[in-house]
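Take 79 as the starting number for the sequence shown in the numbering used here and just add one per residue.
For glycine and all other residues, C-beta sits at the position ideal for the given N, C-alpha and C.
Here the structure is a predicted model, which means the values were calculated and not measured.
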Amino acid sequence: MARAPPPPLDGRKRRIAMMTSGGDSPGMNGAIRAVVRMAIEKGCEAYCVYEGYEGLVQGQNFIRKFEWSDVRGWLSEGGTLIGTARCMAFYERPGRLKAAKNMVLNGIDALIICGGDGSLTGADKFRAEWPGLIDELVEKKELTAEQVEPFKHLNIVGLVGSIDNDMSGTDATIGCYSALSRICEMVDYIEATASSHSRAFVIEVMGRHCGWLALMAGVATGADFVFIPEKPRAGNWREEMCKIVARHRQIGKRKTIVIVAEGAHDQDGNKISPDMIKDLLADKSGLALDTRITTLGHVQRGGVACAYDRYLATLQGVEAVKAVLEATPETPTPFIAITENKICRKPLVQAVLDTKEVAKAIEAHEFDRAMSLRDTEFSDIYESYMTTTTTDLNDAMRLPPQKHMRIAIVHVGAPAGGVNAATRAAVAYCLTRGHTPIAIHNGFAGFVRHHDDKPLGAVREFDWLEVDNWASKGGSEIGMNRELPSESGMDTVAALFKQYNFDGLFLIGGFEAFHALSQLRKAQEKYSSLCIPMTLLPATISNNVPGTEYSLGSDTCLNELVRYCDTIKQSASASRRRVFVIETQGGRSGYVATLAGLAVGAVAVYTPEEGISIDMLAADIKHLKKVFREDSGQSRAGRLILINEKASPVYHAKLIADMIRQEAQNRFETRDALPGHVQQGGTPSPMDRTRAVRLAIKCIEHLEKYEDRADSTILGDPMSSTVIGIKGASVVFTPMKDVEEKETDWPNRRPKNEFWLGLKDVVDVLSGRPEVPRPE
Ligand code: ATP
Numbered sequence: 079m080a081r082a083p084p085p086p087l088d089g090r091k092r093r094i095a096m097m098t099s100g101g102d103s104p105g106m107n108g109a110i111r112a113v114v115r116m117a118i119e120k121g122c123e124a125y126c127v128y129e130g131y132e133g134l135v136q137g138q139n140f141i142r143k144f145e146w147s148d149v150r151g152w153l154s155e156g157g158t159l160i161g162t163a164r165c166m167a168f169y170e171r172p173g174r175l176k177a178a179k180n181m182v183l184n185g186i187d188a189l190i191i192c193g194g195d196g197s198l199t200g201a202d203k204f205r206a207e208w209p210g211l212i213d214e215l216v217e218k219k220e221l222t223a224e225q226v227e228p229f230k231h232l233n234i235v236g237l238v239g240s241i242d243n244d245m246s247g248t249d250a251t252i253g254c255y256s257a258l259s260r261i262c263e264m265v266d267y268i269e270a271t272a273s274s275h276s277r278a279f280v281i282e283v284m285g286r287h288c289g290w291l292a293l294m295a296g297v298a299t300g301a302d303f304v305f306i307p308e309k310p311r312a313g314n315w316r317e318e319m320c321k322i323v324a325r326h327r328q329i330g331k332r333k334t335i336v337i338v339a340e341g342a343h344d345q346d347g348n349k350i351s352p353d354m355i356k357d358l359l360a361d362k363s364g365l366a367l368d369t370r371i372t373t374l375g376h377v378q379r380g381g382v383a384c385a386y387d388r389y390l391a392t393l394q395g396v397e398a399v400k401a402v403l404e405a406t407p408e409t410p411t412p413f414i415a416i417t418e419n420k421i422c423r424k425p426l427v428q429a430v431l432d433t434k435e436v437a438k439a440i441e442a443h444e445f446d447r448a449m450s451l452r453d454t455e456f457s458d459i460y461e462s463y464m465t466t467t468t469t470d471l472n473d474a475m476r477l478p479p480q481k482h483m484r485i486a487i488v489h490v491g492a493p494a495g496g497v498n499a500a501t502r503a504a505v506a507y508c509l510t511r512g513h514t515p516i517a518i519h520n521g522f523a524g525f526v527r528h529h530d531d532k533p534l535g536a537v538r539e540f541d542w543l544e545v546d547n548w549a550s551k552g553g554s555e556i557g558m559n560r561e562l563p564s565e566s567g568m569d570t571v572a573a574l575f576k577q578y579n580f581d582g583l584f585l586i587g588g589f590e591a592f593h594a595l596s597q598l599r600k601a602q603e604k605y606s607s608l609c610i611p612m613t614l615l616p617a618t619i620s621n622n623v624p625g626t627e628y629s630l631g632s633d634t635c636l637n638e639l640v641r642y643c644d645t646i647k648q649s650a651s652a653s654r655r656r657v658f659v660i661e662t663q664g665g666r667s668g669y670v671a672t673l674a675g676l677a678v679g680a681v682a683v684y685t686p687e688e689g690i691s692i693d694m695l696a697a698d699i700k701h702l703k704k705v706f707r708e709d710s711g712q713s714r715a716g717r718l719i720l721i722n723e724k725a726s727p728v729y730h731a732k733l734i735a736d737m738i739r740q741e742a743q744n745r746f747e748t749r750d751a752l753p754g755h756v757q758q759g760g761t762p763s764p765m766d767r768t769r770a771v772r773l774a775i776k777c778i779e780h781l782e783k784y785e786d787r788a789d790s791t792i793l794g795d796p797m798s799s800t801v802i803g804i805k806g807a808s809v810v811f812t813p814m815k816d817v818e819e820k821e822t823d824w825p826n827r828r829p830k831n832e833f834w835l836g837l838k839d840v841v842d843v844l845s846g847r848p849e850v851p852r853p854e
């Protein structure tokens, strides 16, 4: 049943509709929640179109108004709760005409579409045709001129929801990291059995025109070989694969993993199927490996979204509503992208064209062009993968002996996901280049203390077979420790650097590692042996290292926290009236609490940056009372408050839970919960693993620039001691001196300007938290 025509635009609320289209992807529900709530927050009415374009064409009950509470709990649901479909009718103009009529009849003047490149192509076509469609509806007397008057301009914003990560112009699509997590989880399982039986597995993953999933899974799991559509092997792939697998077996590997994208083919465009690979690996006259095929199929789409997809979807949903409200008739249709760590708007048409170009380039066998059309992270990761799988087979990469360096690797601080993957990649890169990678065991404490009694125990050359299976290992295989060089004794440290004749130092770790590097840098004036290039790859769950917006391990931590919060929230589903106050780690940085708050939809987040006051607590308790008073009982689970461990010296999780309970007077219950060291994570997330590989290799490449160093060069060059980081839209090395002096809040052990501070407001807005008094 069609609705009555809406009142004219002037004086009425704007109506923003949200739709999901194409294949479903984890995180779509987070985007819907964010769009609905942000639209309402901005004084608009929120609508959802069910079943993609089919719903728009059909109209009637497929287009429904949404209220704030309709999207409660959606962050933790997989797939899309408003449905998605492929719609043939929308490919044709008559279908789009019907869709336009339904939009006008429902008074919708803006549409936010979350889908893949097909859906966004359709969206762009719709917007381009819009004025013509409206005129046609009037001409055919399906609508009157008065009815269409307020709808002369259609406002469309795209959100890229796709597990393939195949859209040009954005580093990640909503859902791709969840799919990657699922794949890596499966490959991790398969590895155990492969190793037990000394078998080979050929694993097929999704991706017809895009090898992102296959490539990233290959990097994250340390697979022996990957096949991706964009970059078929230059020579004879059969020979190359067999040579690499044979070499890996020869050095003692008991398992072989080959990952193949479903769209893989050779240089001439002939399909490479899992069966062809299997036959080759199993060939009795060759490798003769007991080989199995696993096709992962739709498991890759399934399940709840990982932490990253949840907050990406949330932040992009918020940005989409802002883009709608700021658009003028002249604004080109945007889509919301993420580049490195920055959410931005980009022209949709160009991205759609570039995406199609990739497919065309592959079809035309222009593979370099296909690679160049993907984002920089993709080609970086491809290069990283190639260097880490062929350590001693890659003669082209080997440096002449006079350029070989002795590079020490040390872990400082507490374990974080990705530390081992970074070490593995650094070792592989060093071996490929001819350098000697050397492990310092158990941080600086191990370096100095175990030296006398076990001279070769604490410091030893890495062996490739030893590190080869570290790609997915949590913790720190060489051991880590928080002790600083000054505590270990700088004289001894410098003497040992001399004794072992290090040419470069690669540190991996958190704020202590940063502090350690600062001390070593300052000591260079005094000790000539310390005048070597040094670089730090930040790795800490707290994500509090200055010089970067992202530390290895922070993604793993967020995933653990999100899992924990989902479980605990679910536990309240029986009573439905429970508030959990959950204490997170993070040192004096509220990053983890805030991002987890975004990903789970916390009612409030307490951080050290802001602090906690009695007035703030009183306002939040008042708000909770109101929430439970108005809750009709439909909501399925408990409410969460996240509090960082150092948010207040007095108000800790238990005390806050007790205060809320006292005030609630049996109208609802409270519990405090401490996930504690669970937050360090078990198996590192694929994001931490792949970024570990990419950044670690960049670090060693950076150290290599100083292979013919003289002490004076090191002292005079601020870039000889650096921290690598992701800042805004780029990966950068920043001189330690600058970071120490300009960017570091030393007393609070965190960066002076934390990029994520503004995100706290988003948590508040989307949870409906009122303005609360902030501590003075
Ligand atoms: P996925 O990445 O999962 O394949 P997608 O959005 O690319 O997602 P498609 O099946 O290509 O999925 O498109 C979804 C729907 O978008 C189609 O069923 C159709 O209704 C609409 N659509 C796609 N391409 C166009 C087009 N060129 N013109 C009009 N509508 C289109």
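DSSP places Pro-515 in the strand class (E or B) of the three-state scheme. Assignment of Glu-561 by DSSP, reduced to helix, strand and coil, places it in the coil class. Collapsing the DSSP output to three states places Tyr-729 in coil.
Under DSSP, Ala-751 shares a beta bridge with Ile-660.
Of the candidates Ile-329, Asp-344, Arg-745 and Cys-288, Asp-344 places its Cα closest to the Cα of Asn-314.
For Ser-240, the Cβ falls inside the 7 Å cut-off from some heavy atom of ligand 1.
With the rule of 3 Cβ pairs closer than 8 Å, the region 817–829 counts as touching the region 619–638.
Pairing Ile-610 with Leu-583, the inter-Cα distance amounts to about 7 Å.
In terms of Cβ geometry, Ile-329 and Leu-543 form a close pair [threshold 8 Å]. Excluding its 5 nearest sequence neighbours in each direction, Gly-347 has C-beta neighbours in its own chain below 7 Å: His-443, listed in chain order. Annotation: the continuous alpha helix (DSSP H) that includes Val-571 extends over 568–578. DSSP, read as helix, strand or coil, puts Thr-271 in helix. Look at Asp-823 here: in three-state DSSP terms it is strand. Per DSSP, Ser-808 is one residue of the beta strand (DSSP E) stretching across 808–813. Along the region 768–801, the alpha helix (DSSP H) occurs as fully enclosed runs of 4 or more residues at 789–794, listed in sequence order. When the beta-carbon positions are compared, Leu-752 and Ala-770 stay at least 8 Å from each other. Leu-358 sits close to Cys-320, with the two beta carbons spaced by under 8 Å.
Within the same chain, Cβ atoms closer than 7 Å to the Cβ of Ala-503 are found at Ser-462, Thr-466, Ala-770, Val-771, Ala-774 and Ile-775, the five residues on either side in sequence being excluded.
In this model, Gly-512 and Ala-601 are separated by some 29 Å (Cα to Cα).
Put simply, the backbone Cα of Gly-759 is about 45 Å away from that of Phe-204.
Met-612 is bridged by DSSP to Leu-583 and Ser-799.
Looking at the backbone, the Cα of Lys-724 and that of Glu-661 are separated by about 9 Å.
Between the alpha carbons of Leu-585 and Ala-591 lies a gap of roughly 7 Å. Here Thr-672 carries a helix assignment [DSSP, helix/strand/coil].
Between the region 157–164 and the region 203–219 there are fewer than three inter-stretch CB-CB distances shorter than 8 Å, so the stretches are not counted as touching.
Taking 8 Å as the upper bound for CB-CB distance, Glu-418 and Ser-808 are in contact here, some 6 Å apart.
For Leu-159, the three-state secondary structure derived from DSSP is coil.
In this structure, Gln-577 keeps its C-beta atom at 8 Å or more from the C-beta atom of Ile-619. Taking the Cα of Ala-301 as reference, the smallest distance to any Cα among His-275, His-287, Val-338 and Thr-271 is reached at Val-338. With fewer than 16 other Cβ atoms inside 10 Å of its own Cβ, Tyr-169 counts as exposed.
Annotated three-state conformation of Ile-329 is coil, per DSSP. Distance from the C-beta of Thr-199 to the nearest heavy atom of ligand 1 is below 7 Å.
Burial state of Gly-121 is exposed, judged by a 10 Å Cβ sphere holding fewer than 16 other Cβ atoms.
Sixteen is the threshold: since fewer than 16 other Cβ atoms of the shown chains lie within 10 Å of the Cβ of Val-377, the residue is exposed. Spatial neighbours of Arg-828 in its own chain (CB-CB distance under 6 Å, excluding positions within 5 residues in sequence) are listed in chain order as Asn-622, Arg-666 and Ser-667. Annotation note: the region 354–425 contains the following uninterrupted beta strand (DSSP E) runs of length 3 or greater, listed N- to C-terminal: 369–373, 412–417 and 420–425.
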